[in-house]
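**Student:** Questions regarding the structure given below will be posed in turn.
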Amino acid sequence: MKVQELMTTHVESIKPDLYLRAAARKMKELGVGALPVIDGDRVLGIITDRDLACFAIAMGHDLNSDPVSKVMTREVITCKADQDIDEAARIMIEHHIRRLLVLDNNKGVAGFFSLDDLVRGSRELAGAVLEAATPVH
Amino acid sequence: MKVQEVMTPKVETIAPSNTAKEAARKMHDLHIGSLPVVDGDQLVGIITDRDICVRVTATGRDATMTRVKEVMGKAVETCFEDQDINDAAKRMIDHHIRRLVVLNRDNGISGFLSVDNIASKSHELASSILEATIPIH
């Protein structure tokens, strides 16, 4: 089974110069926990709800003037839309993560592939990813 | 198998009168995503990194003035340390959640049980929990 059969498409993105408060508001309104940070058509990073709590608040950033680029994660782990789900699962296991940004063949964002998508294709692979993931309690 | 054999023991807690910034700082430093909120020895709520993102970062509240009790979740699902993990998993499935606060029979907090802990013993059971919960991408 291919990643594109299970992944979440129509992923919204965010610009690196958006203020932290506006980024958090966007995540709240969309009901999502992660957004790719995109400048033009280049992927610069990923920002999560955790970044906007633990980094933005804990580190005392100015929410009305500091941009997303200050707290985003720059090292983005990706897979391709036409990859097999067991390869995608292996990437998650290697990196101890639960979500991959899916790129198309032009390196544009095609979607997100998360543990929640994976479980609909393989309960066994999803269990293995979860077991390998860094626990977040 | 009992909950206490797979749970994460020694859970850090926070008081309802602590500030949102203190909670964010603690989650950041400890690499965790949630804290049970304890008043004296009574469990009164739970606060997560997402709560801080959507209720503090997104809203314009001052994180140094906002109290944990203003932004925490008041409904906390629990299980007992001597319960069977199948019963605890069923509770997660019924409530569409991935995490329970574990209590001892004196109603003191003895740990956290998450879907991650369950995955270390049963991929099948963990996958059932994943499928029952509403994903946040």
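Those protein sequence lines, which keep their order, are chains A and B.
For the first sequence, my numbering begins at 1 and goes up steadily by one.
For the second sequence, my numbering begins at 138 and goes up steadily by one.
Note that CB positions come from ideal geometry on N, CA and C, so glycine has one too.
All figures in this text were calculated on a predicted structure; none of them were measured in a lab.
1) Which runs of the beta strand (DSSP E) spanning at least 3 residues fall entirely within the segment 29-98 of chain A, listed in chain order?
2) Buried or exposed: where does B:Thr185 fall if 16 or more other Cβ atoms within 10 Å of its Cβ makes it buried?
3) Comparing C-alpha positions only, which one of B:Leu262, B:Gly177, B:Ala195, B:Asn244 sits nearest to B:Arg228?
4) If the cut-off is 7 Å on Cβ atoms, which residues from the segment 101-116 of chain A count as contacting chain B, listed in chain order?
5) Is any beta-carbon of chain B found at less than 8 Å from that of A:Cys143?
6) Over the uninterrupted beta strand (DSSP E) stretch that includes A:Ser114, give me the two end residues.
7) Going by beta-carbon coordinates alone, are A:Leu52 and A:Thr78 separated by less than 8 Å?
8) Thinking B:Asn254 and B:Met144 are a contact (beta carbons under 8 Å), I'd like their distance in whole angstroms, please.
9) Quick one: what's got a C-beta closer than 6 Å to B:Asn223's C-beta in the same chain, skipping five residues either side?
10) Whose C-beta lies closer than 7 Å to the C-beta of A:Ile145 among residues of the same chain, with five residues either side of it excluded?
11) Do B:Leu267 and A:Leu115 have their beta-carbon atoms positioned less than 8 Å apart in this structure?
**Tutor:** This is what the structure holds:
1) The segment 29-98 of chain A is shown to contain whole beta strand (DSSP E) runs of 3 or more residues at 34-39, 42-48, 78-80, in chain order.
2) It counts as buried.
3) Out of B:Leu262, B:Gly177, B:Ala195, B:Asn244, the CA that lies nearest to the CA of B:Arg228 is found in B:Leu262.
4) Those would be Phe112, Ser114, Leu115, Asp116, in chain order.
5) Residue 143 of chain A cannot be examined here, being either before or after the span of chain A that is shown, 1 to 137.
6) Here the beta strand (DSSP E) through A:Ser114 covers 109-114.
7) The answer is no: Cβ separation not under 8 Å.
8) That belief holds up - the Cβ atoms of B:Asn254 and B:Met144 are roughly 6 Å apart, short of 8 Å.
9) Same-chain partners within the cutoff: there are none.
10) Shown here, chain A extends from 1 to 137; a query on residue 145 of chain A therefore has no answer.
11) Closer than 8 Å, so yes.
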